[in-house]
Amino acid sequence: MQTAITPRNASGNISFMWNSQLRPDDPTPGYVAVLYFAELQSLPSNAVRQFYINLNGELWYRSYSPHYLFADTLHSLSPMRDYAQYNFSINATTNSTLPPIINAVEVFSVISTTNVGTDSQDVYAITAIKEMYRVQKNWMGDPCGPKTLKWDGLTCSYAISSTPRITRVNISLSGLDGDISSSFANLKAIQYLNLSHNNLTGSVPDTLSQLPSLTVLDLTGNQLSGSIPQGLLKKSQDGSLNLRYGNNPNLCTNADSCHTVKEKSKLAVYIAVPVVLVVVIGLLVALLFYFLMSRKQQGPTKNTVKPQNETPVSHVPTGGTYVQSSLQLAENRRYTYKELKMITNNFQRVLGRGGFGKVYNGFLEDGTQVAVKLRSDSSNQGVKEFLAEAQILTRIHHKNLVSIIGYCKDGEYMALVYEYMSEGTLQEHIAGNGRNRRYLTWKQRLRIALESAQGLEYLHKGCNPPLIHRDVKATNILLDTKLEAKIADFGLSKTFNRDNEAHISTNTLVGTPGYVDPEYQATMQPTTKSDVYSFGVVLLELITGRQAILSDPEPTSIIHWVRQRLARGNIEDVVDVRMRGDYDINGVWKAAEIALKSTMQVSAQRPTMTDVVGQLQECLQLEEGRTGGDATGSSRDPSSGYNAYATDGQSAIDVSQSSSAFEMEHNFGRAPRMGIGPAAR
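With the first letter of the sequence shown counted as 1, position 662 gets the number 662 in UniProt numbering; the numbers rise by one all the way through.
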C-alpha cells in the first residue's frame, strides 16, 4: 500500500485482465476481485481524484475517491462467474482533475467445498480427542478439508465416491496426559496411530484391537500400566499390526508378569516405609535438640522488630546522608521505621506522591539508591492494599516489573522499599518534564511501550496465579537510566483463576479516570482485557503526547479524540508534533491501530497482551529498518504506461507492465474480506 500507479497520460485509464480457467469439476469457476486504494499524494484543495470502474464494459463501481494515506478496498459481494475473460478498467470521472490510481489487486479463485466434508463419525471422534487432551495444534474447521488445510498430524483419504476419512493420526510429542481416549476406537478407517512420547497413563483399551484397518500403533515413551490387550498382542504376533510399546515401565504383555511386578512393588513398599519412618523420626529429634540448645544460648527474646534473615545493622552517617552497613538484600527483608529514617536521611527528599503516600529518596550501605514509599495517614489505600502489594512484589520477578527490596510494617508505619528508577515516570517524559527535559523519540516510545506490554504479559501469563494490575497508567510506568520501562504500583492488583474465567468479581471500582475499562465499570468484573484497555490509552498518550483526558475545549477522552481525527485518514493530525516527523509512518499507523483495538468498548474485541507484544515488536522493526530520505515523486520507466508513486520516506517502486493491460496469477490461498459489494471497507 506504500506504492501506487496512475496512467502516464492524464486522460488515460488503468486496465487489467485475467482469463477464466475451466476445471472438470467446475465448468463455471468463480472469482473474487479485491482492489486496494490509498491516496499517496497530498493534494491541493482545488485538485480532485475521482474515478469509476467497469467490468467487461459494464459499470462495476460508480464513483470513488481514495483518502490520503488511508488503506481502503473495493470488492465483490459474491463470486463473479460466466465470463471467459475478466477485463477491468478504472476511468476518471468528468469531475476529476487527476487520473485514476490503484495500489494493489488480488484475485481469488473460488473452490467449491460442497459435499466434501470429512466423515461425520470421524469428525465427532477427532473433535472429542481434541477437547479431551486440549491439543495445542492448528486443529480448526473441517479435519480433512480442504486438502491443503487439513489438521496438523492427520492424513486423510479422498475417494471420489465417498467423503474423506481420517487414515493416520500422529500426535507424538504433543503433551497429552490422562487415559487413552475411547474416541480413538471410533476412527474406523485409521491405519496408523502414533501416541508416542506423551504422558499417557492407565491401561491400553481393548477397543483399539477392534479397529479393522489399524496396521501401526505406537505407544512408546508413556506411563501406561497393566497388560496389553490380547487382541492387540494377537495381531502383533500374526504380523497384521506393528505394535510399539517400549519405555512404559509398568506395561506388560501378560497377567502373570504384571502380577510379579505388583508383588515386587508391594515388597519394596513394605521394606521402604519403616526405613523412612525411622530416618524421619531421627531427624525430628535432632532438630528439636538443636532448637532447644539455640534458645538456651540466646536467652529470653525481646518484643522488638528486627530485620528478617539479617544480622543486626549499625548505621553511620556518610556525607550528610545516613546509610546502612553490611546489608545483604533479600526480597522479603523487613525494616523498622527507625531504619527507614536513616536510609532516607529523615525522609528528606521527596521523589513523588501517589494515592498511597509520598515516595522518598534513600541510600543503602553499599551506595545503592532506593525509593521508599511511605503510607500516609490520609492514604485511601489501607493495610489490605499494602499487604497485597508487598506479597505480590515478593513473588514476581521480571525485567519489566519494578523490584521490591524490602518493606516496613512497624506499628502504624507501613512502607515499601523499591529499586530506584532514576528517570521517573513515563507521564513526566510524555509531558516533556523528564529529568533531561528532552522529548522522547518515536523509537524510544516504541521500546517503552513494548517493555511495558511485556511486563503486563508476564502478569497475565507468567504468574501463578495470574494477576490483573487494574491501575495501568503512564504514572505507574517508571524508567531507569537507560529509559527501560518497568510497571509499578501493584496495590490494586488482583489474582484470578485462569482455569475458570479470566475475570474476578469486586465490590469496588478502582483505577484512574481516563484509563478505566468501560466494561469493567459496568460489570464490576475486571479482566485481563481491562489491563489491555488501560495500556491502549497509554499507547495513545505515547503516540500523541497528550493526556488520557483532554480538557480543551471541553473534557474529552483521548480515544474519542484520536478516532475522530484518524477517520479523516491523516495520521499526522494525531502524532506528537514534537517528534518533528522523525518516524516510520507505517509503524505509527500500526501502533495507532493496536491502541484503538485495545480500547474497543467490548473486551472480546480487544487483543491479548501477548498479541499486543507481537504487534509492537513489528512496529519497532519497522522503525529500526527505516532508511530515512525523502523519496516522494514518480518513477519514469520508459517501458511502463503508468507513473509509480510512493509515500514519504519510501522509495518509488519501478512498475514495468504493458501500457494496455497486465495479467495476474489468480490461484491465491487467502480468502478476501467479504462485505456488501462492490463496496468500500
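We treat Cβ as the ideally placed atom computed from N, Cα and C, and that holds for glycine.
* Asked: Does the beta-carbon of residue 296 have 16 or more other beta-carbons within 10 angstroms, so that it is buried, or is it exposed?
  -> Because the pLDDT of residue 296 is 43, which lies under 50, any placement of that residue in the model is unreliable, and the number read from its coordinates should be weighed accordingly. Exposed, by the Cβ-count rule.
Alpha-carbon to alpha-carbon, residue 479 and residue 653: Bear in mind that a pLDDT of 31 at residue 653, under 50, signals an unreliable position, so the number given afterwards is only what the model happens to contain. Roughly 41 Å between the two C-alpha positions.
Going by the DSSP bridge assignment, what does residue 252 pair with across the sheet?
227
Notebook entry, point to check: What is the C-beta distance between residue 103 and residue 51, in whole angstroms, given that I count them as a contact (C-beta under 8 Å)?
Noted result: The Cβ separation is near 13 Å, so there is no contact.
Practice prompt. Work out the CA separation of residue 442 and residue 318 for me, nearest whole Å.
Written response: In this predicted model, residue 318 has a pLDDT of only 30, less than 50, meaning its place in the structure is not dependable; the value taken from the coordinates is given anyway. Residue 318 and residue 442: Cα-Cα distance of roughly 42 Å.
DSSP three-state label for residue 60, please.
strand
**Message:** Quick check: residue 513 and residue 558, are their CB atoms within less than 9 Å of each other?
**Reply:** no
Is DSSP giving residue 536 helix, strand or coil here? helix
### Message
Buried or exposed for residue 346, going by 16 or more other Cβ atoms inside 10 Å?
### Response
exposed
* Asked: Quick one: Cα of residue 181 to Cα of residue 208, how far?
  -> 10 Å
Review point. Going by DSSP, which residues form a beta bridge with residue 373?
Key: 359, 416
task = Give the range of the beta strand (DSSP E) segment to which residue 683 is assigned.
result = One cannot answer for residue 683 here, as it falls past the ends of the chain, which runs 1 to 681.
Exercise for review: Could you pull the start and end residues of the alpha helix (DSSP H) that residue 449 belongs to?
Suggested key: 442-457
- Message: From the DSSP secondary-structure annotation, give me the bridge partner or partners of residue 409.
- Response: 414
**Asked** For residue 215, which residues of its own chain have a beta-carbon under 8 Å away from its beta-carbon, when the five flanking residues on both sides are left out?
**Response** 191, 192, 240, 241, 242
Exercise. Under 6 Å Cβ to Cβ from residue 139, same chain only, skipping five residues before and after it: list those, please.
Key: 130, 151
Assuming the contact rule is C-beta atoms closer than 8 Å, residue 340 and residue 358 should be a hit. Round their C-beta distance to whole Å, please.
Not confirmed; about 12 Å, so no contact.
Does the Cβ of residue 281 have 16 or more other Cβ atoms within 10 Å, making it buried, or fewer, making it exposed? exposed
Q.
Just to confirm, is the Cβ distance from residue 495 to residue 456 under 9 Å?
A. no
- prompt: Between residue 492 and the rest of its own chain, which residues show a CB-CB distance below 6 Å, the 5 nearest in sequence each way excluded?
  reply: 470, 471, 510
**Asked** Which class does residue 666 belong to by DSSP, given the choice of helix, strand or coil?
**Response** Because residue 666 carries a pLDDT of 30, less than 50, the predicted location of this residue cannot be relied on, and no value is offered for it.
Inset, instruction - Kindly provide the ranges of any alpha helix (DSSP H) runs that are 4 or more residues long and lie completely inside the segment 560-635, ordered along the chain. - result: 585-598, 609-624
Next on the checklist: Looking at residue 475: is its Cβ nearer than 9 Å to the Cβ of residue 540?
Outcome noted: no
Q. CA-CA distance, residue 364 and residue 536?
A. 37 Å
Classify residue 234 as helix, strand or coil using the three-state DSSP reduction.
helix
- Quick one: give me the first and last residue of the beta strand (DSSP E) that residue 75 is part of. 72-75
- [ ] Count the other CB atoms, across all protein chains shown, that sit within 10 Å of the CB of residue 699; report buried if there are 16 or more and exposed otherwise.
- [x] The structure shown does not extend to residue 699, since the chain is modelled only from 1 to 681, so the question has no answer here.
Q.
Let's see if you can read the secondary structure: which residues bound the beta strand (DSSP E) around residue 85?
A. 85-92
Start and end residues, alpha helix (DSSP H) containing residue 343: 337-343
Say whether the segment 31-48 touches the segment 58-68, bearing in mind that this needs 3 or more beta-carbon pairs closer than 8 Å, one atom from each stretch. yes
Quiz item: Does DSSP classify residue 244 as helix, strand or coil?
Solution: strand
| request: Apply the 10 Å Cβ neighbour rule to residue 246 and answer buried if 16 or more other Cβ atoms are within range, or exposed otherwise. | output: exposed
Going along the chain, which unbroken runs of the alpha helix (DSSP H) with 4 or more residues stay wholly within the segment 134-217?
none
Helix, strand or coil: which one does DSSP assign to residue 439? coil
Handout entry: Bounding residues of the alpha helix (DSSP H) (the contiguous stretch that carries residue 520)
Key = 518-523
message: Per the DSSP calculation, residue 39 is bridged to which residue(s)?
response: 68
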